[in-house]
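First up is the structure itself, then whatever we jot down about it.
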Amino acid sequence: MSTLQDILQDIKPLDTRAMSEAEELQRSLIKPPGSLGELERISIRLAGITGQVRSTIKHKAIFLFGSDHGIYDEGVCSSPQDFTRKLMLAYSGSQDAGINILARQAGAELRLYDLGIKGLSHHENIITHKFMTEGTHNFRLGRAMSIETAEAAIMFGANLVRDAKREGVGLIGTGEVGMANTSPACACIMAALKSRDVSMVGRGAGLSDEAFRHKQQVILDALNLHSESLTDPVNILSCVGGLDIAAMTGVFIGGAVYRVPVIVDGVISVAGALLAYLLEPLTREYMFASHESLEPAYNHAADTIGLKPSLRMGMRLGEGTGCAVYMQIIDDALAIINGMGTFDTL
1 MSTLQDILQD IKPLDTRAMS EAEELQRSLI KPPGSLGELE RISIRLAGIT
51 GQVRSTIKHK AIFLFGSDHG IYDEGVCSSP QDFTRKLMLA YSGSQDAGIN
101 ILARQAGAEL RLYDLGIKGL SHHENIITHK FMTEGTHNFR LGRAMSIETA
151 EAAIMFGANL VRDAKREGVG LIGTGEVGMA NTSPACACIM AALKSRDVSM
201 VGRGAGLSDE AFRHKQQVIL DALNLHSESL TDPVNILSCV GGLDIAAMTG
251 VFIGGAVYRV PVIVDGVISV AGALLAYLLE PLTREYMFAS HESLEPAYNH
301 AADTIGLKPS LRMGMRLGEG TGCAVYMQII DDALAIINGM GTFDTL
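So the sequence shown is numbered by my numbering: it starts at 1 and just counts up by one.
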């Protein structure tokens, strides 16, 4: 059985030959070179990922990870914790939520995973893989999860990409649901960047000024509690992370191992992307940033990785909604390189 260290060693750089040929093709298309900006750069990087100058993506999937968080008990979230369960059920078909509509619009399959949602039992449209039945522990008091659980959740995410690639999925988005999960996301980013700057902490979903100050202090207390253990991404996840973040870390690693482009959503997703990047910097080449999150920690993480989100739309819903919108931009980039005529044909 492969371990995390095993698969990290399987990550290889982009195919520079295919990228050079794609860049040359872009220069020959009926337009001024570079005039389509990011659409050109996307198609060139996709060539490097797939090894095909004219890449095609027939199947897309958005992985939405649901989990509860023990840090909720500290009063860092204004929504009832049971909303995690209720929203997951909505995504599963009881009614359309934002991600259902946008995934359908993008032609993407929505895959739902229960990694540890309180009170959620088996559902035919949700894949149940509860690493912790009640979600993570309160990381202000102790570790959020064991090191073994953190690594298992990472490997779970990576293996999902492996299996999806075998099924013909060529593009993956990352989404999540879990009340209070901006707290572990911010804590992971601050720990990864070795920062205690509480200005990175965002309000999440509508905290009052008093509750917001309390959230900042809770995260600072937790980072100080675990300071000697925050030595590497797996320990960071174990100490202050979430099951959703751990699984997304694995998805970003899996994207690089199995050469499948993976889209970063908001601040929860970028926390996983940052930890994957710190485990192996080459993972960055397989990531695409969708939209800029309003959470302040997002930009710190994205800048460290070297990601530049294409969209600034004030989105803060989560669920992978930014990924669904960005999938249509990737479709446009591929349509250009695959369909536009060249000056040679005029």
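All C-beta atoms, glycine included, are put in the ideal place defined by N, C-alpha and C. Computed from a predicted model, the values in this text were never measured in an experiment.
Is the region 228-245 touching the region 138-146 in the sense that three or more CB pairs, one from each, lie closer than 8 Å? The answer is yes - the region 228-245 touches the region 138-146, with three or more Cβ pairs under 8 Å.
Entirely enclosed beta strand (DSSP E) segments - the region 240-301, minimum 3 residues: Listed in chain order, the complete beta strand (DSSP E) runs (minimum 3 residues) inside the region 240-301 are 262-264 and 287-289.
### Query
With a Cβ-Cβ cutoff of 8 Å, do LEU275 and CYS188 count as a contact?
Mapped onto the sequence shown, residue 275 falls at position 275. Mapped onto the sequence shown, residue 188 falls at position 188. LEU275 is a Cβ neighbour of CYS188, given a cutoff of 8 Å.
*Could you say if the region 35-54 and the region 101-114 meet the contact criterion of at least three C-beta pairs nearer than 8 Å?*
Short answer: they don't touch.
Q) Is the beta carbon of LEU311 sitting closer than 8 Å to the one on SER290? A) Against the sequence shown, residue 311 aligns to sequence position 311. Against the sequence shown, residue 290 aligns to sequence position 290. Taking 8 Å as the Cβ cut-off, LEU311 and SER290 qualify as a contacting pair.
First and last residue of the uninterrupted beta strand (DSSP E) at PHE63: Locating residue 63 in the sequence shown gives position 63, where the first residue counts as 1. For PHE63, the uninterrupted beta strand (DSSP E) run begins and ends at 59-67, by DSSP.
Practice prompt. Verify whether the separation of the beta carbon atoms of GLY135 and ASP82 is less than 8 Å.
Written response: Taking the first residue of the sequence shown as position 1, residue 135 is located at position 135. Taking the first residue of the sequence shown as position 1, residue 82 is located at position 82. Here GLY135 is not near ASP82, since their CB atoms are 8 Å or more apart.
Which residues in the same chain have their Cβ closer than 8 Å to the Cβ of LEU102, if we skip the five residues on either side of it in sequence? As a first step, residue 102 is located in the sequence shown; it is residue number 102 there, counting from the start. Within its own chain, the residues whose Cβ lies closer than 8 Å to the Cβ of LEU102, once the five positions on either side in sequence are excluded, are THR321, ALA324 and VAL325, listed in chain order.
In whole angstroms, what is the alpha-carbon distance linking ARG27 and GLU21?
As a first step, residue 27 must be located in the sequence shown, where it is residue number 27. As a first step, residue 21 must be located in the sequence shown, where it is residue number 21. Rounded to whole angstroms, ARG27 to GLU21 spans 10 Å at the Cα level.
In terms of residue numbering, what span does the alpha helix (DSSP H) encompassing LEU39 cover? Start at 1 with the first residue of the sequence shown, and residue 39 comes out as number 39. That run of the alpha helix (DSSP H) goes 38-50.
Exercise for review: Note down, one range per segment and in chain order, each alpha helix (DSSP H) of at least 4 residues found wholly within the region 91-145.
Suggested key: Within the region 91-145, the alpha helix (DSSP H) runs of at least 4 residues that lie entirely inside it are, in chain order, 98-106.
Length of the line joining the Cα atoms of GLU109 and THR3: Here residue 109 refers to the residue found at position 109 of the sequence shown. Here residue 3 refers to the residue found at position 3 of the sequence shown. Straight-line Cα distance between these residues: approximately 28 Å.
| said: Nearest by alpha-carbon distance to SER208: which of PHE343, LEU39, ASP68 and SER78 is it? | reply: Start at 1 with the first residue of the sequence shown, and residue 208 comes out as number 208. When the alpha-carbon of SER208 is set against those of PHE343, LEU39, ASP68 and SER78, the nearest one is in SER78.
Check: Among residues of its own chain, excluding the 5 on either side of LEU193, which ones have a beta-carbon nearer than 7 Å to its beta-carbon?
Finding: To locate residue 193, count along the sequence shown from 1; it is residue 193. Answer for LEU193: HIS300 and THR304, listed in chain order.
Opening and closing residue of the alpha helix (DSSP H) in which VAL161 lies
On the sequence shown, position 161 is the one that residue 161 refers to. Per DSSP, VAL161 belongs to the alpha helix (DSSP H) from 147-166.
- Query: Applying the criterion that 16 or more other CB atoms from any shown protein chain within 10 Å of the CB defines a buried residue, is LYS12 buried or exposed?
  - Reply: In the sequence shown, counting from the first residue as 1, residue 12 sits at position 12. Exposed, because fewer than 16 other Cβ atoms sit within 10 Å of the Cβ of LYS12.
Provide the residue span of the alpha helix (DSSP H) that contains THR84, from first to last.
-> Mapped onto the sequence shown, residue 84 falls at position 84. THR84 -> alpha helix (DSSP H) spans 83-89.
7 Å CB neighbourhood of ALA90 in its chain, flanking five on each side removed:
Position 90 of the sequence shown, counted from the first residue, corresponds to residue 90. When the five nearest sequence neighbours on each side are left out, the beta carbons in the same chain lying within less than 7 Å of the beta carbon of ALA90 are those of ALA97, in order along the chain.
Coil, strand or helix - THR231 by DSSP | Within the sequence shown, residue 231 is the residue found at index 231, counting from 1. It is coil, neither helix nor strand.
Q) Helix, strand or coil: which one does DSSP assign to LEU8? A) Position 8 of the sequence shown, counted from the first residue, corresponds to residue 8. LEU8: helix per DSSP, three-state reduction.
Proximity below 8 Å, CB of GLY170 to CB of PHE63
On the sequence shown, position 170 is the one that residue 170 refers to. On the sequence shown, position 63 is the one that residue 63 refers to. It is not a contact, given that the beta carbons lie outside the stated cut-off.
Inset, instruction - Compare the Cα-Cα distances from ALA297 to each of GLY204, ASP68 and ILE147 and report the closest residue. - result: Locating residue 297 in the sequence shown gives position 297, counting from the first residue. Among GLY204, ASP68 and ILE147, the Cα nearest to that of ALA297 belongs to GLY204.
Discussion item. Could you give the first and the last residue of the continuous alpha helix (DSSP H) run that contains ILE330?
Written reply: Along the sequence shown, read from residue 1 onward, the residue named residue 330 stands at position 330. First-last of the alpha helix (DSSP H) with ILE330: 321-339.
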